[in-house]
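A quick write-up on the structure given underneath.
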Amino acid sequence: TLVLGVEFSHPRDVFPAFAQVRGHNMAKAALEMASWDLYARQSSLPLYQVLGGSRTTIASGVSVGIQDSLEQLGDKVAAELAAGYKRIKMKIKPGWDIEAVASIRQRFGEIPLMVDANAAYTLADAEHLAVLDQYDLMMIEQPLHYDDVHDHAQLQQRLRTPICLDESIHTLHNATEALTVGACRIINIKPGRIGGHAQSIHLHDLCAEHGVPVWHGGMLESGIGRMHNIHLSTLPNFTLPGDVSASRRYFELDLIEPPVELQGDGTINVPALPGLGVSVVEERIERATERAVTLGP
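The numbering used here puts the sequence shown at residues 1108 to 1404.
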């Protein structure tokens, strides 16, 4: 594999070659993850086997945003459950939290339910957030600011509900610190945020060593990125349904064929063909392209 004029024998060596460039993990991940796909194709293996995964299906959850009313929220959740999704994630914020969660529990009972605060609270809200403990949530995702690892540790001591860190985890160093101080009991892995597959595998293994389960988040990827997420989600410590949903939930026409589809049991099949196991439709990429930049000769 040739990346930026340097030849690599294995894609795990790509990310270290970017060490002289600070940050820009998403740009690094784009190149690094593509090299894994190429390597898997050259090896005539599906990507998940090259990454170290074994599952042939993954459990799929879905995220439901802030709605205009509790009735609208309930109807949205009902539609997602009817579509087959195994886990519901609700977005919350001050003024849209306790009552919203209570309404969903009252209407749907003990469905797998979690909440995502997107850093909307502070440690001063600990007593308020503790009220959520009575609703038996799978987790509360990123309740505090992304760099407040130690505040998260204090909050976790005051909550029975597991804290999941998302935006706080953008390097292995962040993850090690969070696990060491007890800032969370679950971690959301996003390859684009952490720099690609190799870093994601390291993070997956680190969490497994600490007995901390992980799940796969979503970043509104096209089918190309979504297929990478699906393959990575086959690793053994991905034990919770991820935000990896069907193509049709976001796109009328995805950039791949066949598109990502949700099965009736709330799972997504992992392709068995080499690499990502799908075809990229170049014409759709050209149609969607706003600007193209060519680097190099």
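Where a beta carbon is used, it is the ideal one built from N, C-alpha and C, also for glycine.
Which residue comes first and which comes last in the alpha helix (DSSP H) that contains aspartate 1223?
Taken as a continuous stretch (DSSP letters only), aspartate 1223 belongs to no alpha helix (DSSP H), being part of the beta strand (DSSP E) at 1220-1223.
Does DSSP put histidine 1323 in a helix, a strand or coil?
strand
Excluding five sequence neighbours on each side, which residues of the same chain lie with their C-beta closer than 7 Å to the C-beta of leucine 1230?
Leu1251, Asp1258, Gln1261 and Leu1262
Could you check whether methionine 1246 and isoleucine 1270 sit closer than 9 Å to each other, using their CB atoms as the reference points?
yes
Mapping the DSSP letters down to three states, classify valine 1113 as helix, strand or coil.
strand
Close Cβ partners of threonine 1346 (< 7 Å) along its chain, the five nearest in sequence each way excluded:
Pro1320
Would the beta-carbon of proline 1348 fall within 9 Å of that of proline 1153?
no
Does DSSP put valine 1157 in a helix, a strand or coil?
helix
Own chain residues within Cβ distance below 7 Å of tryptophan 1203, not counting five before or after:
Ile1173
Alpha carbon to alpha carbon, what distance is there between histidine 1335 and arginine 1265?
36 Å
Take every Cβ of the region 1298-1311, pair it with every Cβ of the region 1131-1139, and state whether three or more of those distances are shorter than 8 Å.
yes
To the nearest angstrom, how far is it from the Cα of lysine 1196 to the Cα of glutamate 1114?
42 Å
Can you tell me whether cysteine 1314 is helix, strand or coil according to DSSP?
helix
Just grab the DSSP bridge partners of tryptophan 1143 for me.
DSSP, once it has assigned bridges, lists no residue as partnering tryptophan 1143.
Check whether the Cβ atoms of leucine 1180 and valine 1169 sit closer than 9 Å, and answer yes or no.
no
Outcome for alanine 1189 when other beta-carbon atoms lying within 10 angstroms are tallied against a minimum of 16
exposed
DSSP state of asparagine 1281, grouped into three classes?
helix
Would a C-beta distance cut-off of 9 Å place arginine 1214 and valine 1184 closer than the cut-off?
yes
Could you say which of Gly1318, Gly1382 and Arg1394 lies nearest to cysteine 1291 if we only look at CA atoms?
Gly1318
For cysteine 1271: DSSP bridge partner residues:
Glu1248 and Ile1293
Where asparagine 1376 sits in the DSSP three-state scheme
strand
Can you name, in chain order, every residue of its own chain whose Cβ lies under 6 Å from the Cβ of alanine 1305, other than the five neighbours on each side?
Arg1119 and Phe1122
Inspect the beta-carbon positions of threonine 1268 and leucine 1239 and report whether they are closer than 9 Å.
yes
Helix, strand or coil: which one does DSSP assign to threonine 1417?
Residue coverage of the chain in this structure runs from 1108 to 1404, which leaves residue 1417 outside it and unanswerable.
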